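Data block below; observations after.
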Ligand code: 5AD
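Residue numbers (the numbering used here): 4 to 352.
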């Protein structure tokens, strides 16, 4: 047992912050005992705000067409084996209709950076969703756009925006992305989204090539200072047709450890137990909730396209990953003492 770890965890719990060096130490010297202690504090912190409820989001993967070429991602532009698709507005509306009947009150429209989704198309779609289901929140996750575009989408009714920062280290960012993409523009987007009044989600992968404890410490420091409403983290999982296809995957253990730390940095944060976590371990989602997560995002995409949104190999899309199998999800969550609620699931401030 390392005698420095517990005092650090207690201070993180009380003060919601540590120095960069301390975050790095907490990660690099972690032990199973420290993980258990962090999870215990994290669950208590979440319970004080959200009780035993878990929020659900209906995830609609609108398009796997992407102009970017991120080295880790299966829908990168230069992957010739990816069967491309995009959903027109009528299909997206049909997913929302089905999702509403299933009890979803947040729809997440996620996709690659596909020029088909112009501001005009998206604003019209947002207005239609908001007119038909005024009690629902809409989250967009459509990558980097101009400030003007984000402003127009917000005016048309978008409530939230997910844009993982991917890594808060500019050099590491450069090693995961082609030179056409920039860390500075990523950060510009996140700042713009926040200033425009979105509930903003950042996030990063756990264990992509080249990631060190020092990089993760920077990610945690970024969460601490940016104060996002949401943070999506999941293990890196190799996709065979990408340059990182033979790299090792990130671990369940480190992902859960980081989920607990993020909960303690920002007790009210909306923290999903991600599909990637559910993919690397059959009980990944439950273990994520038990580490401090409070959101799950089952898939509402049409069955015909579901297997094509292949960010990484073996991506889970049936069972409790599927919105149509909400009963299975309810059952799994109740087996660990948690309740799924029919609610927009906004951040409690
Ligand atoms: N493994 C895990 N997560 C991935 N993402 C993209 N590719 C992978 C992969 N191979 C994540 C990125 C992106 C989000 C939509 O999915 O963090 O922001």
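Built from N, CA and C at the ideal position, the CB exists for glycine as well. Small disclaimer: the values here were computed from a predicted structure and weren't measured.
| said: Between 199, 313 and 229, which has its C-alpha nearest residue 244's C-alpha? | reply: Taking residue 244 as reference, the option from 199, 313 and 229 with the minimal CA-CA separation is 313.
| Between residue 47 and residue 36, what straight-line distance do the alpha-carbon atoms span, to the nearest angstrom? | Each residue's Cα considered, the two are about 17 Å apart.
| query | Does DSSP put residue 152 in a helix, in a strand, or in coil? | reply | In the structure shown, residue 152 falls within a helical segment according to DSSP collapsed to helix, strand and coil.
| field | Proximity to residue 143 [Cα-Cα], best of 172, 203 and 149 | value | 203 is the residue among 172, 203 and 149 whose C-alpha sits nearest the C-alpha of residue 143.
| message | Below 6 Å, is the gap between the Cβ of residue 208 and the nearest heavy atom of the ligand 5AD? | response | Relative to the non-hydrogen atoms of the ligand 5AD, the Cβ of residue 208 comes within a distance shorter than 6 Å of at least one.
| field | Beta-bridge pairing of residue 139 - partner residues as DSSP gives them | value | None; residue 139 has no bridge partner.
| query | Is residue 167 near the ligand 5AD, judged by its Cβ being under 6 Å from some heavy atom? | reply | Result yes, Cβ under 6 Å from the ligand 5AD.
| query | Whose C-beta lies closer than 8 Å to the C-beta of residue 225 among residues of the same chain, with five residues either side of it excluded? | reply | So the list reads 168, 171 and 205, once near-sequence residues are dropped.
| query | Hey, quick one: how far does the beta strand (DSSP E) through residue 189 stretch, first residue to last? | reply | Note, residue 189: premise wrong, no beta strand (DSSP E); alpha helix (DSSP H) at 186–198.
| Same chain only: Cβ atoms within 6 Å of residue 222, ignoring 5 sequence neighbours per side | Counting only Cβ-Cβ distances below 6 Å, and skipping sequence neighbours, we find 171 and 207.
| Beta-carbon contacts of residue 177 that lie in its chain and below 8 Å, excluding the five residues immediately before and after | 186.
| query | What number of angstroms, rounded off, separates the C-alpha of residue 160 from the C-alpha of residue 136? | reply | Their Cα atoms are separated by approximately 11 Å.
| task | Answer yes or no: the CB of residue 240 versus the heavy atoms of the ligand 5AD, is any distance below 6 Å? | result | Proximity of the beta carbon of residue 240 to the ligand 5AD is indicated: a heavy atom of the ligand is located closer than 6 Å.
| Which whole-angstrom value describes the C-beta separation of residue 350 and residue 273, a residue pair presumed to lie in contact below a C-beta threshold of 8 Å? | That belief holds up - the Cβ atoms of residue 350 and residue 273 are roughly 5 Å apart, short of 8 Å.
| Opening and closing residue of the alpha helix (DSSP H) in which residue 278 lies | Segment 278–283, the alpha helix (DSSP H) holding residue 278.
| query | Between residue 76 and the ligand 5AD, is the CB less than 6 Å from at least one heavy atom? | reply | True, at least one ligand heavy atom lies under 6 Å from that Cβ.
| message | Using a 10 Å radius around the Cβ and a threshold of 16 neighbouring Cβ atoms, would you call residue 162 buried or exposed? | response | By the 10 Å Cβ count, residue 162 comes out buried.
| said: Taking the alpha-carbon of residue 192 as reference, which of 151, 291 and 281 has the nearest alpha-carbon? | reply: Looking at the Cα atoms, 151 is the closest of the given residues.
| Can you tell me where the alpha helix (DSSP H) with residue 64 in it begins and where it stops? | It is not in any alpha helix (DSSP H) - residue 64 instead sits in the beta strand (DSSP E) that spans 61–66.
| As assigned by DSSP and simplified to three states, the class of residue 50 | Here residue 50 sits in helix by DSSP.
| query | Out of curiosity, what's the CA-to-CA distance linking residue 341 and residue 57? | reply | Spanning the two alpha carbons is a distance of roughly 7 Å.
| said: Let me check understanding here. Comparing Cα to Cα, which of 69, 78 and 330 lies closest to residue 117? | reply: Nearest option by C-alpha distance: 69.
| request: Look at the alpha carbon of residue 199 and the alpha carbon of residue 148, and state the distance between them as a whole number of angstroms. | output: One C-alpha to the other measures close to 13 Å.
| query | At which residues does the alpha helix (DSSP H) containing residue 334 begin and terminate? | reply | Segment 329–338, the alpha helix (DSSP H) holding residue 334.
| message | What would DSSP say about residue 273, mapped onto helix, strand or coil? | response | Reduced to three states, the DSSP call for residue 273 is strand.
| field | Candidates 100, 259 and 128, of which the one nearest residue 276 by Cα | value | Nearest C-alpha to residue 276: 259.
| query | Taking 6 Å as the cut-off, does the CB of residue 315 come closer than this to any heavy atom belonging to the ligand 5AD? | reply | Yes, since a heavy atom of the ligand 5AD falls inside the 6 Å radius drawn around the Cβ of residue 315.
| query | Which whole runs of the alpha helix (DSSP H) in the region 181–268 are 4 residues long or more, in chain order? | reply | Within the region 181–268, the complete alpha helix (DSSP H) segments at least 4 residues long are 186–198, 216–229 and 255–268, listed from N- to C-terminus.
| request: Check whether the Cβ of residue 279 sits closer than 6 Å to any heavy atom of the ligand 5AD, and report yes or no. | output: Yes, Cβ of residue 279 sits closer than 6 Å to a heavy atom of the ligand 5AD.
| said: Rounding to the nearest angstrom, what Cα-Cα distance links residue 179 and residue 71 in this structure? | reply: Between residue 179 and residue 71, the alpha-carbon positions lie close to 12 Å from each other.
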